[in-house]
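S.K.:
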Amino acid sequence: MLSPTDYCNLNCKICWRRRKNATFAQPSFEFLSKILKEAGEMKVEIVDLTGGGEPFIRKDIIQIMRLVKRYGMKGTITTNSTLIKKYDVEKIVEMKWDEIKFSLDGSSPKVNDYIRGKGTFNKVLKCIKMFQEVKKKNSSPYPSLRLCFTITKTNLTDIPKYIKLAKKLRINDISFSTLFEWESNKEFWLEKNKKKGLIKILKKGLEISKKEGVKTNLEPIIKFGIWEHPEPKFCFAPWYMLFINARREAMMCCTLASLYQNKLGKVKSLKEIWFGKKMEMLRERMKKKIFFKECKRCLPDFTQLFNELYVKVERWNLKK
Numbered sequence: 177m178l179s180p181t182d183y184c185n186l187n188c189k190i191c192w193r194r195r196k197n198a199t200f201a202q203p204s205f206e207f208l209s210k211i212l213k214e215a216g217e218m219k220v221e222i223v224d225l226t227g228g229g230e231p232f233i234r235k236d237i238i239q240i241m242r243l244v245k246r247y248g249m250k251g252t253i254t255t256n257s258t259l260i261k262k263y264d265v266e267k268i269v270e271m272k273w274d275e276i277k278f279s280l281d282g283s284s285p286k287v288n289d290y291i292r293g294k295g296t297f298n299k300v301l302k303c304i305k306m307f308q309e310v311k312k313k314n315s316s317p318y319p320s321l322r323l324c325f326t327i328t329k330t331n332l333t334d335i336p337k338y339i340k341l342a343k344k345l346r347i348n349d350i351s352f353s354t355l356f357e358w359e360s361n362k363e364f365w366l367e368k369n370k371k372k373g374l375i376k377i378l379k380k381g382l383e384i385s386k387k388e389g390v391k392t393n394l395e396p397i398i399k400f401g402i403w404e405h406p407e408p409k410f411c412f413a414p415w416y417m418l419f420i421n422a423r424r425e426a427m428m429c430c431t432l433a434s435l436y437q438n439k440l441g442k443v444k445s446l447k448e449i450w451f452g453k454k455m456e457m458l459r460e461r462m463k464k465k466i467f468f469k470e471c472k473r474c475l476p477d478f479t480q481l482f483n484e485l486y487v488k489v490e491r492w493n494l495k496k
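Here is the structure:
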């Protein structure tokens, strides 16, 4: 996971960027180019351009995406899509970029725009339409399109309608995210004393998604919950992923990165970080199942994935 910028053209009410004393950074093209070249040499499978800001605020983002593909890796990018132009879409389809994830937090302008700003709903739908038209024109399956929805107090009941909107837009994949609570987004915090009602809505959403043939991650969210939950049976993160933020700091996973914990230091070389002493110490710590307190906020998707991997490893060990 690689953050190309902290800067953004929007000012979403739930975003970490609204936090008091928040500071922003943006790595140079030279730094990103070096990291991507190393990633290719290390046979990294997927590069996720994500993080704290809007990637398309960078004028060189298409060049960065091309480097991902040039070095033989799959690429995914998360965007608010309000800055993407038709010529960007054509270049993205042409390079066979793998996946675009659109941030959209409601099934209507009323719900979404209250969180993300006036006019953003219609801009996202316009961008989705552009991608579908260019893909059709080029008879290309690339990129696949996914919607991303952050669950909050103000849009929770909109989930069933949102899934139906995805189906209408011919998008068959939705990632639901749990909200990280900051002092700046208290208005959107879900109420823990209304957990039963919350689960009921999520289950209704899951039922509709199965009926409509829309893939979601609601199942692990229902299973592990919105807030703190037991840590994974085993954490594979230090063997599975790495997050590099816009300050060029490395962290073991996206949860620790979001909470800005357990920094591994400034990245000069991807190989130095991945094979370095601090990462090895983390791996030894995870082998002993000594978790961080933040691990109780592990994303439900990863908790489920790591639990499934753990079961497979245990079965393999029994067969030895």
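Sequential numbering from 177 applies to the sequence shown in our numbering. Virtual Cβ for every residue (Gly too), placed ideally from N, Cα, C.
Does the beta-carbon of N493 have 16 or more other beta-carbons within 10 angstroms, so that it is buried, or is it exposed?
M.R.: Position 317 of the sequence shown, counted from the start, is the residue given in the question as residue 493. Looking at its Cβ environment, which holds fewer than 16 other Cβ atoms inside 10 Å, N493 is exposed.
S.K.: With the cut-off set at 8 angstroms, would you say W415 and R195 are in Cβ contact?
M.R.: Residue mapping note: residue 415 aligns to position 239 of the sequence shown, counting from 1. Residue mapping note: residue 195 aligns to position 19 of the sequence shown, counting from 1. Against a cut-off of 8 angstroms, the Cβ pair of R195 and W415 comes out as no contact.
S.K.: Could you have a look at K464 and say whether DSSP puts it in helix, strand or coil?
M.R.: The residue you call residue 464 lines up with position 288 of the sequence shown. Here K464 sits in coil by DSSP.
S.K.: When DSSP labels each residue in this structure, what does R194 get in the three-state scheme?
M.R.: Stepping through the sequence shown from its first residue, residue 194 is reached at position 18. Three-state DSSP puts R194 in a helix.
S.K.: Which first and last residues belong to the beta strand (DSSP E) in which I222 is found?
M.R.: Counted from its first residue, the sequence shown places residue 222 at position 46. Taken as a continuous stretch (DSSP letters only), the beta strand (DSSP E) holding I222 covers 222-225.
S.K.: Check whether the Cβ atoms of W365 and K329 lie closer than 8 angstroms to each other.
M.R.: For the purposes of this step, residue 365 is taken as the residue at position 189 of the sequence shown. For the purposes of this step, residue 329 is taken as the residue at position 153 of the sequence shown. Yes, these two residues count as a Cβ contact at 8 angstroms.
S.K.: For C429, which residues of its own chain have a beta-carbon under 7 angstroms away from its beta-carbon, when the five flanking residues on both sides are left out?
M.R.: Taking the sequence shown and counting its residues from 1, the one referred to as residue 429 is at position 253. A413, M417, F419, listed in sequence order.
S.K.: Go to E395, then tell me how far its alpha helix (DSSP H) extends in each direction, as first and last residue.
M.R.: Numbered from 1 along the sequence shown, position 219 holds the residue referred to as residue 395. Residues 394-400.
S.K.: Is it true that the CB of I449 sits closer than 8 angstroms to the CB of A426?
M.R.: Translated into positions along the sequence shown, residue 426 becomes position 250. Translated into positions along the sequence shown, residue 449 becomes position 273. Yes. Within cutoff.
S.K.: Just how far apart, CA to CA, sit A342 and K376?
M.R.: Within the sequence shown, residue 342 is the residue found at index 166, counting from 1. Within the sequence shown, residue 376 is the residue found at index 200, counting from 1. Using only the alpha carbons, I get a separation of about 21 angstroms.
S.K.: For A198, count neighbouring Cβ atoms within 10 angstroms of its own Cβ and tell me buried if that reaches 16, exposed if not.
M.R.: Position 22 of the sequence shown holds residue 198. When all chains shown are included, A198 counts as exposed.
S.K.: Touching or not, the stretch 243-250 and the stretch 221-233, by the rule of three or more beta carbon pairs under 8 angstroms?
M.R.: yes
S.K.: Quick check on E407: buried or exposed, where buried means 16 or more other Cβ atoms within 10 Å of its Cβ?
M.R.: Along the sequence shown, one-based indexing puts residue 407 at 231. Burial call: buried.
S.K.: Measuring only the C-alpha atoms, how far is K311 from K386?
M.R.: Working through the sequence shown from its first residue, we reach residue 311 at position 135. Working through the sequence shown from its first residue, we reach residue 386 at position 210. For K311 and K386, the distance between alpha carbons rounds to 26 angstroms.
S.K.: Given this structure, state the Cα-to-Cα distance separating R346 from K379, to the nearest angstrom.
M.R.: In the sequence shown, counting from the first residue as 1, residue 346 sits at position 170. In the sequence shown, counting from the first residue as 1, residue 379 sits at position 203. Near 22 angstroms, if we compare the C-alpha coordinates of K379 and R346.
S.K.: Drop a sphere of 10 angstroms on the beta-carbon of M457, count the other beta-carbons inside from all chains shown, and report buried for 16 or more, exposed for fewer.
M.R.: Numbered from its first residue, the sequence shown carries residue 457 at position 281. Burial call: exposed.
S.K.: Enumerate, from N- to C-terminal direction, the unbroken alpha helix (DSSP H) stretches of 4 or more residues contained entirely within the stretch 353-388.
M.R.: Counting whole runs of 4 or more residues, the stretch 353-388 contains the alpha helix (DSSP H) stretches 371-388.
S.K.: Can you tell me the Cα-Cα spacing of M306 and K313, whole angstroms?
M.R.: In the sequence shown, counting from the first residue as 1, residue 306 sits at position 130. In the sequence shown, counting from the first residue as 1, residue 313 sits at position 137. Going from the Cα of M306 to the Cα of K313 covers about 11 angstroms.
S.K.: Could you check which residue in S320, Y486, L332 has the C-alpha nearest to that of E275?
M.R.: The sequence position of residue 275 within the sequence shown is 99, counting from 1. Of S320, Y486, L332, the residue nearest in Cα terms is S320.
S.K.: So L186 and R292 are supposed to be a Cβ contact under 8 angstroms. How far apart are they, rounded?
M.R.: Within the sequence shown, the letter at position 10 stands for residue 186. Within the sequence shown, the letter at position 116 stands for residue 292. Right, the Cβ-Cβ distance comes to about 6 angstroms (below 8 angstroms), so this counts as a contact.
S.K.: Quick check on the burial criterion: 16 or more other C-beta atoms within 10 angstroms. Buried or exposed for M218?
M.R.: Your numbering for residue 218 matches position 42 in the sequence shown. So M218 counts as exposed.
S.K.: How about P336 and N393: do their beta carbons lie closer than 8 angstroms?
M.R.: Here residue 336 corresponds to residue number 160 of the sequence shown, with the count starting at 1. Here residue 393 corresponds to residue number 217 of the sequence shown, with the count starting at 1. Against a cut-off of 8 angstroms, the Cβ pair of N393 and P336 comes out as no contact.
S.K.: Whole-angstrom Cβ separation of K498 and N298, contact assumed at under 8 angstroms?
M.R.: With the chain covering 177 to 496 only, the question about residue 498 has no answer from this structure.
S.K.: Please list the terminal residues of the continuous alpha helix (DSSP H) segment that includes L321.
M.R.: The sequence position of residue 321 within the sequence shown is 145, counting from 1. Note, L321: premise wrong, no alpha helix (DSSP H); beta strand (DSSP E) at 320-327.
S.K.: Going by the CB atoms, is the gap between P180 and I238 shorter than 8 angstroms?
M.R.: Residue mapping note: residue 238 aligns to position 62 of the sequence shown, counting from 1. Residue mapping note: residue 180 aligns to position 4 of the sequence shown, counting from 1. Result no, Cβ atoms of I238 and P180 do not sit closer than 8 angstroms.
S.K.: Tell me E425's beta-bridge partners as DSSP assigns them.
M.R.: Residue 425 sits at position 249 when you count from the first residue of the sequence shown. K442.
S.K.: Inspect the beta-carbon positions of K277 and R322 and report whether they are closer than 8 angstroms.
M.R.: Counting from one through the sequence shown, the residue named residue 277 turns up at place 101. Counting from one through the sequence shown, the residue named residue 322 turns up at place 146. Going by C-beta atoms, K277 is nearer than 8 angstroms to R322.
S.K.: DSSP on D281, reduced to helix/strand/coil?
M.R.: Translated into positions along the sequence shown, residue 281 becomes position 105. Here D281 sits in coil by DSSP.
S.K.: Quick check: what's the CA-CA separation for S510 versus K294?
M.R.: Residue 510 lies beyond the residue range present for the chain, which begins at 177 and ends at 496; the question has no answer from this structure.
S.K.: Taking DSSP's pairing of strands, which residues face T252 in a bridge?
M.R.: Here residue 252 refers to the residue found at position 76 when the sequence shown is read from its first residue. According to DSSP, which records beta bridges pairwise, T252 is partnered with D224, E275.
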